[in-house]
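Engineer: Quick note on the working numbering: the sequence shown kicks off at 11 and runs consecutively. We put the CB at the ideal spot given by N, CA and C, even for glycine.
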Amino acid sequence: MKVYNLACSMNHRFEGWFSSEDDFVSQQKKSILSCPLCESLDITRMPSAPYLASHVRESHPVHEVKEEQKPADFPPAVNDTMHLTPDQKVVFQEKMQATMLQVVREIMTKTEDVGESFAEEARKIHYKESPQRSIRGVATSDQAADLIEEGIEVFSLPASPLLKSTLQ
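#1: What separation, rounded to the nearest whole angstrom, lies between the Cα atoms of L43 and V124?
#2: Give the straight-line distance between the Cα atoms of K80 and T109, rounded to the nearest whole angstrom.
#3: Where A132 and T121 are concerned, what is the direct C-alpha to C-alpha distance, given to the nearest angstrom?
#4: From V164 to E116, what distance separates their C-alpha atoms?
#5: So the beta strand (DSSP E) V13 belongs to, where does it begin and stop?
#6: Assuming V148 is part of the alpha helix (DSSP H), what are its boundary residues?
#7: How far does the beta strand (DSSP E) with D123 in it extend, from its first residue to its last?
#8: Find the nearest neighbour of V13 within the set F24, M20 and D152, judged by alpha-carbon distance.
#9: So, at 7 Å on beta carbons, what are the nonlocal neighbours of S41 in its own chain, with the 5 sequence-adjacent residues on each side left out?
#10: List in chain order: all unbroken beta strand (DSSP E) runs of 3+ residues lying wholly within the region 21-64.
In structure tokens, the structure reads:
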């Protein structure tokens, strides 16, 4: 099994698992590969760190990093400015994408898709004409504004192909 780091033309990074190098190349040529975030078919393989045997790692000295040199675990407050190296930006983007995927997976597993009838179904639930449950679907900005005006809590998610399919 080959595990490759992949990226689309929008620089969304993700992992792909293939039975062989030929399998990856074949899927790439047939445009079978697509980005899980934006569905782009322009997928490239990113450099990966090779596996290093433990005896190789032991032969090189380990440099300790002082506490003030370590990056913060959390991003700074909204009004603060982040200064990241290119490598840190990549790591930050990967963490943000992973978090987004995790949130979308959670939403997918805990909500019912009511599609275009979202506003109607949200009202039925709010006015106890339908059983209480978490739903997701599609509404226009006017429909969402009307729901909020009626005291029905709604929030928007960016349109994503992830919301259309079952995630593993």
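Structural biologist: So, from the listed chains and residues:
#1: 29 Å
#2: Low confidence applies here, because K80 scores a pLDDT of 44, under 50, leaving its location unreliable; read the following figure in that light. Looking at the two C-alpha atoms, the distance is approximately 21 Å.
#3: 12 Å
#4: 17 Å
#5: K12 to C18
#6: Note, V148: premise wrong, no alpha helix (DSSP H); not H, not E.
#7: E122 to G125
#8: F24
#9: L51
#10: 23-28 and 53-55
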